[in-house]
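First residue of the sequence shown: 71, per this note's numbering; consecutive thereafter.
Beta carbons: idealized from backbone N, C-alpha and C, even for Gly.
Below: one structure, written as structure tokens.
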Amino acid sequence: MNKKQKYTVITGSSSGIGYETAKVFAKRGKNLIIVARSKENLEKLKEEILQESPSLDVIIKCVDLSVISNVHKLYEELKPYCIETLVNNAGFGNYSSVANQNLEKVETMLRLNIEALVVLSSLFVHDYKNIDNTQLINISSSGGYIIVPNAVTYCASKFFVSIFTEGLARELKACNAKLQAKVLAPAATKTNFGKIANNVQKYDYEKSFATYHTSKQMADFLLKLYDSNKVLGIVNRESFEFELSSPLFNYSGNPKNNQNSCTL
Numbered sequence: 071m072n073k074k075q076k077y078t079v080i081t082g083s084s085s086g087i088g089y090e091t092a093k094v095f096a097k098r099g100k101n102l103i104i105v106a107r108s109k110e111n112l113e114k115l116k117e118e119i120l121q122e123s124p125s126l127d128v129i130i131k132c133v134d135l136s137v138i139s140n141v142h143k144l145y146e147e148l149k150p151y152c153i154e155t156l157v158n159n160a161g162f163g164n165y166s167s168v169a170n171q172n173l174e175k176v177e178t179m180l181r182l183n184i185e186a187l188v189v190l191s192s193l194f195v196h197d198y199k200n201i202d203n204t205q206l207i208n209i210s211s212s213g214g215y216i217i218v219p220n221a222v223t224y225c226a227s228k229f230f231v232s233i234f235t236e237g238l239a240r241e242l243k244a245c246n247a248k249l250q251a252k253v254l255a256p257a258a259t260k261t262n263f264g265k266i267a268n269n270v271q272k273y274d275y276e277k278s279f280a281t282y283h284t285s286k287q288m289a290d291f292l293l294k295l296y297d298s299n300k301v302l303g304i305v306n307r308e309s310f311e312f313e314l315s316s317p318l319f320n321y322s323g324n325p326k327n328n329q330n331s332c333t334l
């Protein structure tokens with residue numbers, strides 16, 4: 071491992087928030103490992119980054135993370151690199167009633183939104199928990215803190231991401247680990263999310279939402295979270311302002327009826 075070369079890994083970086091996040095980290099001078107299914111989009115992103123910052127190392131990993139064996143394989147391929155930050159951004163949504171949802175789509179969504187994220191997070195924490203200046207940022211949603219009509223299963227998947235990451239952040243802090251775990255919770259953001267979630271070819275954010283953010287704005291918010299000591303960066307669904315916060319889920323701490331152990 072070249073310990074002098076450090077990398078930021080971003081999954082789901084072929085479009086939307088992941089694409090813009092790669093560019094804002096590149097502007098910080100960060101070497102990148104960009105991960106997604108679309109090789110064409112990743113190559114386009116790499117070209118854009120190197121035009122602006124030709125001295126950076128940008129590595130492409132073309133992989134479908136909804137196949138869990140691919141997630142383990144990807145992490146094995148990351149082992150030769152020194153990872154400074156892992157951004158678990160890969161995921162998608164689904165708008166449908168539970169009674170009528172497409173189960174094949176939902177099963178893929180759960181594997182990507184939950185299983186892939188947990189596997190990558192766990193492997194990263196195992197290897198980097200005691201490494202200075204390391205961060206894990208998992209992308210949830212404001213729908214990971216409130217139930218949105220007609221998106222119950224999607225919200226449930228993001229509730230998992232939120233509570234998993236908040237709980238991990240507390241676990242790391244309790245064990246005096248050096249790695250920080252954080253969760254970003256966007257609200258409506260103009261990406262391919264709307265088309266995929268609604269199973270349509272075209273999606274008009276102007277007609278669907280009174281207000282929304284751009285991918286670039288969300289990437290800038292992510293950077294604010296990255297620079298902070300807070301665990302949560304969330305878009306307020308009423309004001310649409312971005313807020314940095316301590317964990318929101320209740321935590322039992324360490325009362326007498328809990329198992330008292332730290333295994334990190």
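Within its own chain, the residues whose Cβ lies closer than 6 Å to the Cβ of Gly161, once the five positions on either side in sequence are excluded, are Leu182, Asn183, listed in chain order.
Note on Ala96: 16 or more other CB atoms within 10 angstroms of its CB, so buried under the neighbour-count rule.
Taking the C-beta atoms as reference points, Ile209 is found nearer than 7 Å to Asn159.
Shown here for Ser212: same chain residues with a beta carbon closer than 7 Å to its own, the five before and five after excluded, namely Ala255, Pro256, Ala257, Ile304, Val305, Arg307 in chain order. Under the DSSP assignment, Tyr215 falls outside any beta strand (DSSP E); it carries neither an H nor an E label. In this structure, the beta-carbon distance from Ser84 to Leu112 falls below 7 Å. Its chain contains Gly163 as the residues whose beta carbon lies nearer than 6 Å to that of Phe263, once the 5 sequence neighbours on both sides are disregarded; these appear in chain order. The alpha-carbon separation between Asn172 and Thr81 amounts to approximately 25 Å. Nearest C-alpha to Thr91 among Leu295, Glu313, Val168: Leu295.
Residue environment analysis places Gln250 among the buried positions, since at least 16 neighbouring C-beta atoms fall within 10 angstroms of its C-beta. For Ser192, the enclosing alpha helix (DSSP H) starts and ends at 187–198.
Per DSSP, reduced to three states, the secondary structure at Ala226 is helical. In the DSSP assignment, Ala258 falls outside any beta strand (DSSP E) and carries neither an H nor an E. Judged by DSSP in its simplified three-state form, Ala267 adopts helix. By the beta-carbon neighbour count (other beta carbons within 10 angstroms, threshold 16), Lys260 is buried. Contact check for Tyr165 against Ala280 fails: the beta carbons are separated by 7 Å or more. CA-CA distance, Ser285 to Gly323, rounds to 36 Å.
Taking C-alpha positions only, Ile138 is separated from Leu180 by approximately 11 Å. The bridge partners DSSP lists for Val157 are Ile80, Ile207.
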